[in-house]
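Participant:
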Amino acid sequence: MHPRYRRKGIGYNLNRYVISELTRLGFKVYRVAILAWNKPSINLARKLGFEEVARWVSLETKIESLLDAKECECREISNPDTIWDKVSNSEMFRIAQGLIPIRWQWIRLNKRILAELMRNNRIRAIICRENLTALIPPNGEHYLPVGFINAEKFEDLQILASYLEKEKNTRPNTTIGFVFPKNYPFLSVLAQKDIFEIDETLVMELNTQ
10 MHPRYRRKGI GYNLNRYVIS ELTRLGFKVY RVAILAWNKP SINLARKLGF EEVARWVSLE
70 TKIESLLDAK ECECREISNP DTIWDKVSNS EMFRIAQGLI PIRWQWIRLN KRILAELMRN
130 NRIRAIICRE NLTALIPPNG EHYLPVGFIN AEKFEDLQIL ASYLEKEKNT RPNTTIGFVF
190 PKNYPFLSVL AQKDIFEIDE TLVMELNTQ
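Letter by letter, the sequence shown follows residues 10 to 218 in this note's numbering.
See the structure below:
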């Protein structure tokens, strides 16, 4: 917003109007994801009644910085029952309490929603070495956000990146972003390499029920 129009309540009133209209139409729960350094947006969300429900950490780098010579033992899965079993029984899902980012929209994932996302081609499900599971959107040209991966070691990120790089639509200079709950027990191991740009995101929620 132009500095001339800041601190006049414009953002607050616009957001309050949108929320009231959506609530009138039957929507009940609203979520926003805000980078932790963006204090004005966080304060605005709190003023609107949003409360912090989670903190996530993103690790971003170029796919080429993760490539190695290992064989990629990965395959794409189209059966939502198989994927739901892998996702719902993972430590990642438990720590996240079912709140998973799909293209930076944090969704309370369940079996029905997962099947719908897969059916509408909003996410792809990939399994590597039988246990490593990832949910990603269809390939982007410059940026690929991995909203779910139950990685426990750096090699897990390399395996997925190597698989994706072999696909025709994924270039080595594509930026890949992995997102994890801040309290994910393996995060310190995954983030120890100096190849990542690291950011923290607040997920805030307003429940009008």
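Glycine residues also receive a C-beta, built at the ideal position from the N, C-alpha and C atoms.
Nearest CA to the CA of T183: which residue from Y21, Y152 and N22?
Facilitator: For this step, residue 183 is matched to residue 174 along the sequence shown. Nearest of Y21, Y152 and N22 to T183, Cα basis: Y152.
Participant: Classify P190 as helix, strand or coil using the three-state DSSP reduction.
Facilitator: To locate residue 190, count along the sequence shown from 1; it is residue 181. In this structure, P190 counts as strand in the three-state DSSP scheme.
Participant: Considering just the uninterrupted stretch of the beta strand (DSSP E) at T5, what are its terminal residues?
Facilitator: Coverage of the chain is limited to positions 10 through 218, which leaves residue 5 absent and any answer about it impossible.
Participant: Do the CB positions of T70 and E161 come within less than 8 Å of each other?
Facilitator: Here residue 70 refers to the residue found at position 61 of the sequence shown. Here residue 161 refers to the residue found at position 152 of the sequence shown. No. Outside cutoff.
Participant: Among A200, G35 and S74, whose alpha-carbon lies nearest the alpha-carbon of R180?
Facilitator: Sequence index remark: in the sequence shown, residue 180 carries index 171 (1-based). Of A200, G35 and S74, the residue nearest in Cα terms is S74.
Participant: Decide if K95 is buried, meaning its Cβ has at least 16 other Cβ atoms within 10 Å, or exposed.
Facilitator: Taking the first residue of the sequence shown as position 1, residue 95 is located at position 86. Classification of K95: buried, given that the 10 Å Cβ count is 16 or more.
Participant: Quick one: what does DSSP say K37 is sitting in, helix, strand or coil?
Facilitator: Numbered from its first residue, the sequence shown carries residue 37 at position 28. Three-state result, K37: coil.
Participant: CA-CA distance, C81 and C137?
Facilitator: Numbered from its first residue, the sequence shown carries residue 81 at position 72. Numbered from its first residue, the sequence shown carries residue 137 at position 128. About 8 Å.
Participant: Residues in the same chain with beta-carbon distance under 6 Å from E61, minus the five sequence neighbours each way, listed in chain order, please.
Facilitator: On the sequence shown, position 52 is the one that residue 61 refers to. Only L211 and M213 meet the Cβ criterion.
Participant: Entirely within the region 92-158 and at least 4 residues each: give me those alpha helix (DSSP H) ranges in chain order.
Facilitator: 100-105 and 120-128
Participant: In or out: N88 buried (at least 16 other Cβ within 10 Å) or exposed?
Facilitator: Looking up residue 88 in the sequence shown gives position 79. Flag for N88 reads exposed.
Participant: For L215, I'd like the list of residues in its chain whose CB is within less than 6 Å of its CB, leaving aside the five on either flank, ordered along the chain.
Facilitator: As a working mapping, residue 215 is identified with position 206 in the sequence shown. Taking C-beta separations shorter than 6 Å and ignoring five residues to either side along the sequence, the partners of L215 in its chain run Y39, G58 and F59, following chain order.
Participant: Here's the rule: buried if 16 or more other CB atoms are within 10 angstroms of the residue's CB, otherwise exposed. What is N140?
Facilitator: Within the sequence shown, residue 140 is the residue found at index 131, counting from 1. Classification of N140: exposed, given that the 10 Å Cβ count is below 16.
Participant: Counting only the same chain and skipping the five closest in sequence on each side, list residues whose C-beta sits under 6 Å from that of I92.
Facilitator: As a working mapping, residue 92 is identified with position 83 in the sequence shown. Closer than 6 Å at Cβ, skipping near neighbours: I86 and A134.
Participant: What does the Cβ neighbour count give for P147, buried or exposed, with the cut at 16 atoms within 10 Å?
Facilitator: Your numbering for residue 147 matches position 138 in the sequence shown. Flag for P147 reads exposed.
Participant: Residues in the same chain with beta-carbon distance under 7 Å from W113, minus the five sequence neighbours each way, listed in chain order, please.
Facilitator: Counted from its first residue, the sequence shown places residue 113 at position 104. Closer than 7 Å at the Cβ level, and outside the excluded window around W113, lie A42 and P154.
Participant: Hey, how far is the Cα of A63 from the Cα of P190?
Facilitator: As a position in the sequence shown, residue 63 is number 54, starting the count at 1. As a position in the sequence shown, residue 190 is number 181, starting the count at 1. Those two C-alpha atoms are separated by around 7 Å.
Participant: If you check the beta carbons only, do M101 and Y193 fall under 8 Å apart?
Facilitator: What you label residue 101 is simply residue 92 of the sequence shown in a count that begins at 1. What you label residue 193 is simply residue 184 of the sequence shown in a count that begins at 1. Closer than 8 Å, so yes.
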